[in-house]
C-alpha cells in the first residue's frame with residue numbers, strides 16, 4: 001500500500017477506546033483511564049447502551065492517530081506526546097455521566113485557513129488553532145524558535161464523524177503518582193526551583209486534556225494556495241464515479257479533495273480508516289466502510305482544558321499563586337536620552353525574533369527593526385532616511401540574542417553590539433570612538449531577547465531598553481558590570497575572542513605605561529577548552545605599546561573574582577585584581593600602577 005506523505009507529524013497514541021454496544025441510549029459512563037497529555041494518550045471510554053436488552057456486544061479498539069510533535073532540540077512546538085497516564089475516571093463513583101452521541105450528519109468537506117505553517121499543522125490534524133488553546137502560564141515550550149512560513153495556508157478535510165464525546169471535568173481525577181509529583185515540585189525551597197520542577201512534571205505527564213472531541217475518520221490535505229487562486233467551496237458527491245487509479249496515492253487524494261492545480265506544497269493525512277480500501281475501491285466505498293470499521297480515531301478536538309483543572313482546589317490555588325507572581329518578561333534599564341517619539345517592539349509567545357535590521361552611521365544608530373517568526377515586523381524605528389549603512393542579524397532555529405552592549409552619547413545611542421546564545425558576537429555597529437557616556441551591558445541572564453523599546457528623534461535612536469523573556473531555565477548564570485574611567489577613546493570588546501564561555505577564564509594580563517598613574521596599553525589572554533584541549537587566545541593591544549611592560553600570569557585553576565582601582569575622570573590610573581585564592585592575596589593580588 002502506498003504510504004502517505006506526512007506534514008511534520010509524529011505518531012502517538014491518542015485514543016484507545018472500547019465501545020460496548022448495548023442499545024441506542026446515548027448517555028454513557030466514562031471509565032478506566034482518561035489520561036492527560038499535552039493533548040492525550042490512552043483514553044479508555046466504555047459506552048453502555050441500556051434502553052433495550054443486550055443483543056450484541058461489539059468492541060472497537062481505536063488504533064493510532066498521527067498528531068503534531070515539537071522539534072525537541074530547543075523547545076516543543078505544537079502538540080507533543082506525554083509519557084505517562086495522568087488521570088483516571090471518577091464518574092462511576094459519582095454517578096455522573098459523560099455525553100457521547102452518535103453523529104448523524106453525513107460526511108462533509110471542511111475548509112480552514114491559517115496565517116502560517118503552525119496554524120496549518122493544527123488544522124491539518126483537527127485541532128483548535130494554537131491561540132484558541134488554553135494558555136499554559138508555566139510553559140516555555142510553545143516558544144517557536146524556528147521560521148514559520150507565512151502565506152495563504154489552507155486545509156481541506158473530508159470528515160466522517162461517528163461519535164461526539166464530551167467529558168465533564170468533575171469526572172476526571174489525577175493519578176496518585178501525578179499528585180505526588182506535583183506536591184514534590186511545590187515543596188522545593190524557592191519559586192524558581194518550584195517552577196522548574198513543575199515544568200518537568202508537566203513535560204512528563206502532559207499539559208492539556210481534550211474534553212470535547214469527534215471520533216471517526218478523515219482525509220486531510222494542507223498546502224499553500226496558488227497565486228490568484230480562490231478555493232471554491234466543495235461538496236461531497238456520493239456514488240460518484242470511481243476515480244481512475246494512477247498509482248500515485250497522493251495524486252489520488254488531491255483529486256478526491258478537488259485541489260488539483262489550486263494548492264502547492266500539499267501534505268496529506270488519512271485518519272481512522274483503511275487507506276488501501278480508499279485507494280482500491282474509491283471514496284464512496286471507503287465512506288460506507290467507515291460505518292463498520294474498527295479503526296476510528298479522533299478527527300476533531302473542539303475543547304481542551306489545562307491538566308491543572310483536574311487537581312483539587314488546594315493544589316490549583318498553589319499553582320495559580322506561584323505563576324501569578326511570575327512575570328513573563330523583564331526589562332533592562334533605559335539607556336540614553338528620552339524623546340517624545342517612543343517605540344516598543346515586543347513579541348509574545350509564540351512570536352520569536354528571526355531577524356534584526358540595524359541602520360547606522362559612523363556617529364550613531366539610526367534605525368532598528370525586528371522581524372518575528374509569525375511574519376510581523378516591529379519598526380523600523382528611528383531615522384529612516386540617509387542611513388549610511390545597514391546590516392542584519394539573522395537568527396536560525398534555536399538562536400536567540402542573550403546580551404546587548406550599548407554605548408550611548410549625549411544625543412543618541414552611539415553604538416550597539418549583539419551576542420547570540422551560540423557565542424556569536426556581532427560587529428560594533430555605529431560609532432567606534434567619541435562615545436561620551438558609560439557603556440552598558442543589557443543581559444537577559446541567559447534568557448532570550450523578546451523585544452526592544454526606547455525613543456528616537458530625527459537623527460536616530462536616542463534611548464534604548466531590552467525586553468527579555470523570563471523563563472527561569474538558566475541556573476547559576478550571573479553577571480556583574482560596572483564602568484569607570486573617562487570619555488572618548490576607541491571602543492573595544494574582547495568577548496568575541498572567547499570560544500567557550502562556560503570554560504573560559506583570564507589567564508594573563510599585560511599592560512604598558514610610560515609613567516606612574518597612566519595606563520597606555522592593555523592586553524588580555526583568555527584560556528578555554530576547545531575540542532577537549534586547552535586553548536589560549538590573546539587579544540589585540542588596546543591602546544599603545546608605549547612605556548614599561550607589566551605582566552601578570554594566573555596559575556592553573558586561578559580566576560579573577562574582583563577588580564578595583566583608581567581613575568582620574570579621564571583615564572585608568574590603577575588596576576587591582578583579586579582572585580579565588582585569598583591565602584595568596586598579598587602575593588598574587590596584583591597592582592598595576594604605572
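Residue numbers (UniProt numbering): 1 to 594. Glycine included, each C-beta is placed from N, C-alpha and C at the ideal position.
Check: Does DSSP put residue 35 in a helix, a strand or coil?
Finding: Low confidence applies to residue 35: its pLDDT is 30, below 50, so where it sits in the model is not reliable enough to give any reading.
Next item on the list: Put residue 130 into one of helix, strand or coil per three-state DSSP.
Entry: helix
Item checked: Reduced DSSP secondary structure (H/G/I, E/B, other) of residue 323 -> helix
Note to self: Below 8 Å on the Cβ atoms is my contact criterion, and I expect residue 156 with residue 257 to pass it. Report the Cβ-Cβ distance as a whole number of Å.
What the structure shows: That pair is a contact at about 5 Å.
Notebook entry, point to check: So which of 559, 410, 269, 402 has the shortest CA-CA distance to residue 159?
Noted result: 269
Next item on the list: Please look up how many angstroms separate the CB atoms of residue 267 and residue 286, rounded, as I've assumed it's under 8 Å.
Entry: With a Cβ gap of about 20 Å, residue 267 and residue 286 do not count as contacting.
Notebook entry, point to check: Out of curiosity, what's the CA-to-CA distance linking residue 438 and residue 453?
Noted result: Residue 438 and residue 453 have their C-alpha atoms spaced approximately 20 Å apart.
Margin query: What would DSSP say about residue 194, mapped onto helix, strand or coil?
Written below: helix
Margin query: Considering only the alpha carbon of each residue, which of 253, 297, 298, 299 lies closest to residue 281?
Written below: 253
Next item on the list: Rank 463, 559, 580, 128 by C-alpha distance to the C-alpha of residue 343 and give the top, closest one.
Entry: 463
Next item on the list: Name the residue from 447, 394, 433, 99 whose alpha carbon lies nearest to the alpha carbon of residue 426.
Entry: 394
Next item on the list: Can you give me the Cβ contacts of residue 306 inside the same chain, cut-off strictly under 6 Å, excluding the 5 residues immediately before and after it?
Entry: For residue 306, same chain residues with a beta-carbon under 6 Å away, outside a window of 5 residues either side, are 134 in chain order.
Margin query: Rounding to the nearest angstrom, what Cα-Cα distance links residue 597 and residue 331 in this structure?
Written below: In this structure the chain extends from 1 to 594, so residue 597 is not present and cannot be described.
Next item on the list: With DSSP collapsed to three states, give me the class of residue 579.
Entry: strand
Check: residue 206 bridges to which residues according to DSSP?
Finding: Residue 206 pairs with nothing; no bridge assigned.
Margin query: Does residue 113 pass the burial test, meaning 16 or more other C-beta atoms within 10 Å, or should it be called exposed?
Written below: exposed
Item checked: First through last residue of the alpha helix (DSSP H) which encompasses residue 337 -> Note, residue 337: premise wrong, no alpha helix (DSSP H); not H, not E.
Note to self: For residue 125 and residue 290, which I take to be in contact (beta-carbon distance under 8 Å), what is that distance rounded to the nearest angstrom?
What the structure shows: In fact, because the Cβ distance is near 18 Å, the residues do not count as touching under 8 Å.
Notebook entry, point to check: Should residue 600 be labelled buried (16 or more other beta-carbon atoms within 10 Å of its own) or exposed?
Noted result: Since the first residue of the chain shown is 1 and the last is 594, residue 600 is not available in this structure.
Next item on the list: State buried or exposed for residue 230, treating a residue as buried only when at least 16 other CB atoms are found within 10 Å of its CB.
Entry: Classified as exposed, residue 230 has fewer than 16 neighbouring CB atoms from the shown chains inside 10 Å of its CB.
Notebook entry, point to check: Considering only C-alpha positions, which residue in the set 496, 361, 434 is nearest to residue 404?
Noted result: 496
Check: Smallest Cα separation from residue 333: which of 548, 468, 511?
Finding: Taking only the C-alpha atoms, the option nearest residue 333 is 468.
Check: How far does the alpha helix (DSSP H) with residue 278 in it reach, from first residue to last?
Finding: 275–281
Item checked: Inter-residue Cα distance where the pair is residue 197 and residue 400 -> Each residue's alpha carbon lies about 24 Å from the other.
Next item on the list: Keeping to the same chain, check which residues put their C-beta closer than 6 Å to that of residue 361; ignore five residues upstream and five downstream.
Entry: 388
Note to self: At the level of alpha carbons, what is the spacing between residue 524 and residue 538?
What the structure shows: 6 Å
Margin query: DSSP three-state label for residue 295, please.
Written below: coil
Check: Applying the criterion that 16 or more other CB atoms from any shown protein chain within 10 Å of the CB defines a buried residue, is residue 209 buried or exposed?
Finding: Label assigned to residue 209: buried.
Checklist line | Segment contact, 8 Å Cβ cut-off, at least three pairs: the region 430–444 with the region 310–327 | finding: no
Checklist line | Counted within 10 angstroms of its Cβ, other Cβ atoms place residue 366 as buried (16 or more) or exposed | finding: buried
Item checked: Sub-9 Å separation of residue 575 and residue 565 beta-carbons -> yes
Check: Going by DSSP, which residues form a beta bridge with residue 331?
Finding: 467
Check: From this set, 185, 455, 446, which residue's C-alpha is nearest residue 380's C-alpha?
Finding: 455
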